[in-house]
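For the sequence shown, the positions run 1 to 178 when UniProt numbering is used.
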Amino acid sequence: MVKKASAKKLASNGGAARSAAGALRIDIGISDKDRAAVAGGLSKLLADTYTLYLMTHNFHWNVTGPMFNTLHAMFMTQYTDLWNSIDDVAERIRALGHFAPGTYREFAKLTTISEPADVPEALEMVRQLVVGHEAVAKTARNILKVADAASDEPTADLLTQRLEFHEKTAWMLRSLLQ
């Protein structure tokens, strides 16, 4: 049974409870602490994904050599998937009640991926992308543990999908180096 004061408070703002500061509280069955931990991890995933997106798009524009057509098309498929996933990760952070990082400065602080200093040769591009996809997979796997511990199934589902993409992409790129 809802206390009278709480019922009045709920009725006055359309049924949603407010925090002491007046902001709407999020009550989705995940504690504030766990939501913050998951959102923090997802922010790292967002930074890694955005950095890898930029690297892949850069390589798409600048690849040369006998494998141009193959790599140009492959990189376009990859950066398109990365671009589309960025919004899903950012929106999950927002659904958890936190702001998503969205500047180069924030991404640079959070990412685990090193950007290339110049435009490498085609096979070096492939090697760097393998390393990048493996780094994103590791980031996702670390957050998955946090999401599982918080019983955050939507985040776990998102992370599982991202892991599948990054591991498969790393394998496909790695096969070009053998």
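Here a beta-carbon is modelled for each residue, glycine too, at the ideal position from N, C-alpha and C.
**Item:** Where LEU24 sits in the DSSP three-state scheme
**Value:** For the purposes of this step, residue 24 is taken as residue 24 along the sequence shown, with counting starting at 1. It is a strand residue.
**Buried versus exposed, by CB contacts within 10 Å (16 or more), TYR79** = Residue numbering aside, residue 79 sits at position 79 when the sequence shown is read from its first letter. Looking at its Cβ environment, which holds 16 or more other Cβ atoms inside 10 Å, TYR79 is buried.
**Request:** Please state whether DSSP places SER175 in a helix, a strand or coil.
**Result:** Within the sequence shown, residue 175 is the residue found at index 175, counting from 1. Residue state, collapsed to three classes: helix.
**Item:** Residue environment, SER43, which counts as buried when at least 16 other CB atoms sit within 10 Å
**Value:** Residue mapping note: residue 43 aligns to position 43 of the sequence shown, counting from 1. Looking at its Cβ environment, which holds 16 or more other Cβ atoms inside 10 Å, SER43 is buried.
**Request:** Give every residue of the same chain whose Cβ lies closer than 7 Å to the Cβ of GLN161, excluding the five residues on either side of it in the sequence, and list them in chain order.
**Result:** For this step, residue 161 is matched to residue 161 along the sequence shown. Within the same chain, GLN161 has no close Cβ partners at all.
**Asked** Can you tell me the Cα-Cα spacing of ALA100 and PRO154, whole angstroms?
**Response** Counting from one through the sequence shown, the residue named residue 100 turns up at place 100. Counting from one through the sequence shown, the residue named residue 154 turns up at place 154. The straight-line gap from Cα to Cα measures roughly 17 Å.
**Asked** Taking the continuous alpha helix (DSSP H) assigned at VAL126, which residues delimit it?
**Response** Numbered from its first residue, the sequence shown carries residue 126 at position 126. Note, VAL126: alpha helix (DSSP H), 122-149.
**Request:** Answer with buried or exposed for ALA21, where buried requires no fewer than 16 other C-beta atoms within 10 angstroms of its C-beta.
**Result:** Position 21 of the sequence shown, counting from 1, holds the residue named residue 21. For ALA21, the predicted structure reports a pLDDT of 47, less than 50, and the residue's modelled location is therefore unreliable. The matter cannot be settled from this model.
**Message:** Using the three-state DSSP reduction, which class does PRO154 fall into: helix, strand or coil?
**Reply:** Your numbering for residue 154 matches position 154 in the sequence shown. Helix, per DSSP.
**Asked** Since GLY132 contacts MET55 with CB under 8 Å, what's their CB separation in whole angstroms?
**Response** Looking up residue 132 in the sequence shown gives position 132. Looking up residue 55 in the sequence shown gives position 55. Right, the Cβ-Cβ distance comes to about 6 Å (below 8 Å), so this counts as a contact.
**Item:** Rounded C-alpha distance that separates ARG105 from TYR53
**Value:** Locating residue 105 in the sequence shown gives position 105, counting from the first residue. Locating residue 53 in the sequence shown gives position 53, counting from the first residue. Near 16 Å, if we compare the C-alpha coordinates of TYR53 and ARG105.
**Request:** Select from LEU82, LYS168, TRP61 the residue whose C-alpha is nearest the C-alpha of HIS72.
**Result:** Along the sequence shown, read from residue 1 onward, the residue named residue 72 stands at position 72. The shortest C-alpha separation from HIS72 is found at TRP61.
**Request:** Answer with buried or exposed for ILE113, where buried requires no fewer than 16 other C-beta atoms within 10 angstroms of its C-beta.
**Result:** On the sequence shown, residue 113 is found 113 positions in, with the first residue counted as 1. Buried.
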